[in-house]
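Report on the structure given below.
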Amino acid sequence: MSPRANPFVKAEPASVEATHEEAVLHDALLGQRLMESGPSDPQSLPITPSDVESDPWPKVQISRDSVTPITVMGLHGGAGTSTMATLLGAGALDHGRTWPVPPEGASLGVVAVCRSHWRGLEAADVFTMQWAAGLLTESTLLGLVIVDDGPTLSDGQRKAMRRLLKRTPRGIHLPWVEAWRHASPDAGRTPGRITRIVRQLHSAAASL
């Protein structure tokens, strides 16, 4: 991933803070913050279609019967969409790796998901550039979720992840949970921090 200045955020980007009463669990990447807060839409960003060097992101027309408040979209194979859709529960569906185009008159919130390995971060770089250039406007991007690909992160991964998480309306880090290697996330107690993230995503989707 080529280094460059981040045009997606203002000099002092705001971060979504959890209240003391919620006692949000500490996150190794974001600390006590639930998520990063970035641009709400591409219109304010100094990115144009001519700045995009990658091929257009594939799109798919969603039938009216398939519309859900939240669509979970993977940015590459094995991104963790099934895990994220399970965590989101009712009202969320995994629609693969294509940008969803809802039927006329319908609103659709999209949660994009990638892994923290190089292929996932590279895919997130491509996707966020296309979104920032206004090439993906048929649905509303709720945020980007980066799912840890292992129990530890390198300094390079952390740096790239922090940059990417500030490029979308909500930048979310889903840490490595060893128990999820052996059972579905809904088989046991979901960490409180993740529960609060899920709640905020559903609230954002409901306001579309």
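Numbering-wise, the sequence shown is residues 1 to 208 according to UniProt numbering. Every residue gets a Cβ at the ideal spot worked out from N, C-alpha and C, and that includes glycine.
Could you pull out every residue in the same chain whose Cβ sits closer than 6 Å to the Cβ of residue i, ignoring the five residues on either side in sequence?
i, result
"ALA106", "VAL67"
"ARG97", "GLY74"
Take residue i and list the residues in its own chain whose beta-carbon comes closer than 8 Å to its own, dropping the five residues that flank it on each side.
i, result
"GLY91", "THR68, PRO69, ILE70, HIS202 and ALA205"
"GLU21", "Only weak support is given to the placement of GLU21: the predicted model assigns it a pLDDT of 38, under 50, and the question is left unresolved by the model."
Assign residue i to one of three DSSP states: helix, strand, or coil.
i, result
"ALA92", "strand"
"TRP180", "helix"
"LYS159", "helix"
"LEU34", "strand"
"GLY77", "coil"
"GLY192", "helix"
What's the call for residue i, buried or exposed, on a 16-neighbour Cβ count within 10 Å?
i, result
"LEU208", "exposed"
"ARG64", "exposed"
"ASP94", "buried"
"PRO185", "buried"
"GLY31", "exposed"
Is it the case that the Cβ atoms of residue i and residue j are separated by a distance below 7 Å?
i, j, result
"HIS173", "ASP27", "yes"
"GLY134", "THR168", "no"
"PRO151", "TRP176", "yes"
"VAL110", "GLN61", "no"
"residue 225", "ALA112", "Here the chain covers residues 1 to 208 and nothing more, so residue 225 does not appear."
"LEU121", "ALA160", "yes"
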